Amino acid sequence: MIKCIILSGSPCSIHEPGSPSCSSEIIDLDIPILGICYGAQLIAYTKGGVVGEGMKSEFGRAELLFKDSELFDGLTERGSESGMMNVWMSHGDVIEQFDGADIIGHTMNTPVAAFRIANNYGVQFHPEVHHTDKGEKILWNFLYKICGCERNWAIESFITDKIEDIKSEVGDDGSVICGLSGGIDSSTTALLVNKAIGDRLTCIFVDNGLLREGEKETVINTFENNFNMKLVFVDAKERFLNGLRGVTDAEAKRMVIGEQFINVFEEEANKLGNVDFLAQGTIYPDRIESAGASSQKSSRIKSHHNVGGLPEKLGLKLVEPIADLYKDEVREVAKELDMPLPILNQHPFPGPGLAARVIGEVTEDKLRICREASEIVEAELKNSGWYDKVWQAFAIVGDDVATGVLGDARSLGRIVTIRVVESKEAMTADFVKLPYDVLENMSKRITNEVKGVTWVTYAISSKPPATIEPC
Ligand code: XMP
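Here this note's numbering is used: the first residue of the sequence shown is -12, the next is one more, and so on.
Structure below.
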């Protein structure tokens, strides 16, 4: 029995031909409906509200002034009838007017930021992201208090169900290769597949020339010391870097990398023989951000190499046991599987590696700068005790150069940008307000130790509107 419906956000405008829609009979169903962002606009528009372009888009943090109500139950100060909280916005259109609805929240730029009308609730902000204060409580109120749902999803049952699913997907004699990067997603995937089919799994670790300093040795050592699985190492530096030569567009680079990975996996599968399946550590945000590849109704933010970067014809069937999980949920699964701490506690690193952090063409020199500067950023965070408090931290380099003065002489060098963000599931993020002395140490070391750098800047954009990685 369906207990409720949540209508999610969309990059479309309600006024665009072909934008996602649903019949008013659905919106009038006798069950609670919560519209989020575009979903809220859809409810308002269907019920006669005015949705306009808005004077200003809102991206990132906004202050919501709200009224005590079922949706915001427990969120006002004791006895108070109204409250204020930080919410995360990402919209252009706004609900300008909604006669007949109880307006339970507004912000400076959005007159109708939360409403209730009969069984329908709507919020213009995103309660599902970590950066909305008390967003989880709002969803909790909707699901458990308003709709009477029960909480019955548990990590333990997820693991046992997934192992059974993999067994039946792969069958009794199928073999699987797993693209292993050493990160938490692919390592968790490998552990789940290994539990399901034992030594019919072979992990493939590829050096694509886009790895961090010392990463190859660390991954191989960690794997060999902690896992009882077969590992094949492939040195594919040359083919990846050759493929990337002259490619400047971020999406085009991702396509080259996705294609090269698949070529390597298919070749290794052929060498092993009798391999039908490729296991990948794809997680839910990879699918959302790559979505335009399969859906007209979502926007492709960037093609994650393991989703949007896949060729149309793939000779292997995909096994993606964690494809419905967010990163924080993957961490919980990994913990339950006794994942070694160095893997569990490391920062996420993107599949396209340093190519996601080198703006424009990927050259050996820019890779060197990115690698050396990133190592300094990580080391200084560790020295100052910040590493474990942040989500990701790295250096970015592009083609911009700026004037410097070295030993009284003019010199032209690259600009390196430091990016340090906090996040919970990578769908939203904010820059970390690092102490100036930590930033100063990073900057000094980068200009002194990394040849060819004259300027260091700090990226202070949140996601949205920026993304975490620049490419
Ligand atoms: P963005 O840059 O889109 O990244 O805000 C969100 C998170 O995903 C990581 N990322 C990737 N991971 N393949 C991956 O496995 C990819 O192509 C990819 N691109 C970005 C990124 O590091 C951040 O944690």
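Every residue gets a Cβ at the ideal spot worked out from N, C-alpha and C, and that includes glycine. The structure presented is a predicted model; accordingly, all values stated were derived computationally and were not measured.
Since residue i is in the beta strand (DSSP E), which residue starts that stretch and which ends it?
i, result
"tyrosine 108", "107 to 110"
"methionine 95", "Where methionine 95 is concerned, there is no enclosing beta strand (DSSP E), given that its DSSP letter is neither H nor E."
"glycine 22", "20 to 23"
"arginine 48", "45 to 54"
"lysine 353", "No beta strand (DSSP E) holds lysine 353; the alpha helix (DSSP H) holding it covers 351 to 370."
"leucine 305", "304 to 306"
Just curious, the alpha helix (DSSP H) that residue i is in, first and last residue?
i, result
"arginine 546", "Residue 546 falls outside the range modelled here, since the chain spans only -12 to 458, and no answer is possible."
"lysine 240", "237 to 259"
"serine 448", "From DSSP, serine 448 is part of no alpha helix (DSSP H); its letter is neither H nor E."
"glycine 122", "122 to 127"
"valine 320", "314 to 323"
"leucine 328", "328 to 331"
"cysteine 1", "Note that residue 1 is isoleucine in the sequence shown, not cysteine. No alpha helix (DSSP H) contains isoleucine 1, which DSSP labels as neither H nor E."
"glycine 14", "It is isoleucine, not glycine, that sits at residue 14 in the sequence shown. Run containing isoleucine 14: 11 to 14, per the alpha helix (DSSP H) assignment."
"proline 7", "That residue, proline 7, is in no alpha helix (DSSP H); it is neither H nor E in DSSP."
"glutamate 276", "271 to 276"
Identify every residue that forms a DSSP beta bridge with residue i.
i, result
"serine 155", "Bridge partners of serine 155: none, in fact."
"glutamine 84", "Val37"
"alanine 416", "Lys450"
"aspartate 222", "Asp194"
"isoleucine -8", "Ile20"
"isoleucine 164", "Thr189, Leu265"
"lysine 203", "According to DSSP, which records beta bridges pairwise, lysine 203 is partnered with nothing at all."
"serine 77", "Phe46"
"tryptophan 442", "Ile402"
"isoleucine 104", "Asn107"
"aspartate 89", "Arg103"
"methionine 71", "Leu52"
"glutamate 409", "Asp417"
"proline 345", "The sequence as given places valine at residue 345; proline does not occur at that position. In DSSP, valine 345 forms a bridge with Val384."
"lysine 217", "Thr189"
So, does the CB of residue i fall closer than 9 Å to a CB anywhere in chain C?
i, result
"threonine 119", "Looking at the structure shown, chain C is missing, and only one protein chain is on hand."
Exercise for the section: Report the residue ranges of all beta strand (DSSP E) runs contained in full by the segment 379 to 407; include only those spanning at least 3 residues, in chain order. Expected result: The segment 379 to 407 contains these whole beta strand (DSSP E) runs: 379 to 393.
Handout entry: Meets three-Cβ-pair contact criterion under 8 Å: the segment 187 to 196 and the segment 156 to 165
Key = By the Cβ test, the segment 187 to 196 is in contact with the segment 156 to 165, since at least three Cβ pairs between them sit closer than 8 Å.
Exercise for the section: Check whether the segment 169 to 183 touches the segment 202 to 217, taking contact to mean three or more Cβ pairs, one atom from each stretch, closer than 8 Å. Expected result: Note that the segment 169 to 183 touches the segment 202 to 217; at least 3 beta-carbon pairs, one per stretch, sit closer than 8 Å.
Problem - At least three beta-carbon pairs within less than 8 Å, the segment 49 to 58 to the segment -12 to 5 - result: Using a C-beta cut-off of 8 Å, the segment 49 to 58 makes no contact with the segment -12 to 5, since fewer than three inter-stretch Cβ pairs fall below that distance.
Practice task
Assess, as a yes-or-no matter, whether the segment 411 to 425 is touched by the segment 309 to 321 under the definition of 3 or more beta carbon pairs within less than 8 Å.
Solution key: Yes, they touch.
Exercise for the section: Would you check if there are 3 or more beta carbon pairs closer than 8 Å linking the segment 126 to 145 to the segment 37 to 53? Expected result: These segments do not touch.
Practice task
Answer yes if the segment 135 to 144 comes into contact with the segment 90 to 104, meaning at least three C-beta pairs across the two stretches below 8 Å, and no otherwise.
Solution key: Between the segment 90 to 104 and the segment 135 to 144 there are fewer than three C-beta pairs closer than 8 Å, too few to call the two in contact.
Problem - Inter-stretch contact at 8 Å, needing at least 3 Cβ pairs: the segment 399 to 406 / the segment 295 to 304 - result: Short answer: they don't touch.
Exercise for the section: Output the residue ranges of the alpha helix (DSSP H) runs that lie fully inside the segment 171 to 201 and measure 4 residues or longer, sorted by chain position. Expected result: Within the segment 171 to 201, the alpha helix (DSSP H) runs of at least 4 residues that lie entirely inside it are, in chain order, 171 to 184.
Exercise for the section: Could you tell me whether the segment 232 to 248 touches the segment 325 to 345, using the rule of 3 or more Cβ pairs below 8 Å? Expected result: Result yes; three or more Cβ-Cβ pairs closer than 8 Å.
Practice task
For the segment 360 to 369 and the segment 432 to 439, state whether three or more C-beta atom pairs, one from each stretch, are separated by less than 8 Å.
Solution key: A contact exists between the segment 360 to 369 and the segment 432 to 439.
Practice task
Flag this pair as touching only if the segment 115 to 126 and the segment 148 to 158 have three or more C-beta atom pairs under 8 Å; answer yes or no.
Solution key: No contact exists between the segment 115 to 126 and the segment 148 to 158.
Practice task
Examine the Cβ distances between the segment 372 to 384 and the segment 320 to 340 and report whether three or more of them are shorter than 8 Å.
Solution key: Because the criterion of three Cβ pairs below 8 Å is met, the segment 372 to 384 and the segment 320 to 340 touch.
Exercise for the section: Please determine if the segment 80 to 91 and the segment 383 to 396 are in contact, where contact requires at least 3 C-beta pairs separated by less than 8 Å. Expected result: Output reads no: the segment 383 to 396 does not touch the segment 80 to 91.
Problem - Validate contact between the segment 62 to 70 and the segment 4 to 17 using beta carbons, cut 8 Å, 3 pairs - result: By the Cβ rule, the segment 62 to 70 does not count as touching the segment 4 to 17, because fewer than three pairs are nearer than 8 Å.
Practice task
Would you check if the segment 40 to 49 and the segment 440 to 452 touch, i.e. whether three or more CB-CB distances between them fall below 8 Å?
Solution key: Result yes; three or more Cβ-Cβ pairs closer than 8 Å.
Handout entry: the segment 72 to 82 contacting the segment 108 to 117, beta-carbon criterion three pairs below 8 Å
Key = Touching, yes.
Problem - the segment 220 to 233 touching the segment 271 to 278, judged by at least three CB pairs closer than 8 Å - result: With the cut-off at 8 Å, the segment 220 to 233 and the segment 271 to 278 do not touch.
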